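Residue numbers (our numbering), protein chains in the order written: chain A, 1 to 112; chain B, 1 to 112. Even glycine gets a Cβ: it sits at the ideal position worked out from N, Cα and C. Quick caveat, the model's predicted, so the values are computed rather than measured.
Number of protein chains: 2
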Amino acid sequence: MKQYPHPTADQINLTCVLHALSDPVRLNFVRCLAEQLCEQRCGAIPTPVAKSTMSHHIRVLRESGLIRVRTEGTQSLTSLRKDEIEAKFPGLLAAVLEAAKEDEAIIALSEK
Amino acid sequence: MKQYPHPTADQINLTCVLHALSDPVRLNFVRCLAEQLCEQRCGAIPTPVAKSTMSHHIRVLRESGLIRVRTEGTQSLTSLRKDEIEAKFPGLLAAVLEAAKEDEAIIALSEK
DNA sequence: GATATAGTTCGATAGTCATAGAACATTCGA
DNA sequence: TCGAATGTTCTATGACTATCGAACTATATC
């Protein structure tokens, strides 16, 4: 049961986080994660891209420090590192998520 | 005296803004602008890149809606569209600027 | 063991991006 | 008018990126 490396809070970098959030597919994924209380299967979140592409995006999000990924059985469970990001960049994630709520282009993605 | 097109508040897009902010050179530029009360000459802000590169970055920032650029004589004056961004994405710019203050990689750029 | 499920990795591709130098445009001073 | 100052545009380049399909890995189920 392979697990993946995650940056520590110290290693989380502002420009990496902003870059990770600047892709519509990734931003939509983060938005969906934020609305859930528990860990989510990657495949449970609707997206218009191939699963190999999604795997790539999840890697970018994980390496930026935004999400935590844990494999269990055949599935890989993701969760938002909300508290850690909030501690490091106060208000940032909340502001982005609030802004994403209004963004039609992002919302449209979750309906595909 | 050529002037440049700017997106209206309606046209400002979240992912474009995040992308514009995700480059260290641009984020540093925005951070410097935010600290000033008045418009700034492009060249007045220290950066480690060539002026043609800076011109490119300023274009990206302008097209994203983050800054306003106005030419006057031989110089081009830039200012942050703080209020408009705040109205569109409440708290976002403030959170990013606050986070950038702590980011050593960004601060280092302004000392070059 | 065979098959299905859930993701990952690999290889390829087309596109974007940051970068710089050279040439150019425009304006201001001497 | 001739330079100097300040940026912009053009072109090129190397790096990175989003995308996909195919092959693969690992686990679960029958």
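Asked, Found
"Residue-level contact to chain A via CB, B:His6, 7 Å cutoff", "no"
"Nearest residue (CA-CA) to B:Gln11, options A:Pro90, A:Gly65, A:Glu104, A:Lys51", "A:Glu104"
"C-alpha distance - B:Leu33 paired with A:Gln3, whole-angstrom precision", "43 Å"
"Residue of A:Leu14, A:Ser110, A:Val69, A:Lys82 minimising C-alpha distance to B:Leu21", "A:Leu14"
"Sequence ranges, alpha helix (DSSP H) only - wholly within the region 6-79 of chain B, length at least 4", "14-21, 24-35, 51-64"
"Beta carbon of B:Ser79 nearer than 7 Å to that of B:Glu39", "yes"
"Chain A contact for B:Phe29 (CB, 7 Å cutoff)", "no"
"Residues from the region 70-89 of chain A in contact with chain B, defined by Cβ distance under 9 Å", "Lys88, Phe89"
"Backbone secondary structure at A:Asp103 - three-state DSSP", "coil"
"Check whether B:Ala100 and B:Leu18 have beta carbons under 7 Å apart", "no"
"Closest residue to B:His56 among B:Gly73, B:Ala108, B:Ala95, B:Phe29 (Cα-Cα distance)", "B:Phe29"
"Coarse secondary structure for B:Lys2, derived from DSSP in three states", "coil"
"Whole-angstrom distance between B:Glu72 and A:Arg68, CA atom to CA atom", "49 Å"
"Nonlocal neighbours in the same chain, by C-beta distance under 7 Å from A:Arg62, ignoring five residues either side", "Tyr4, His6, Val69"
"Beta-carbon gap between B:Ala95 and A:Gly91 smaller than 7 Å", "yes"
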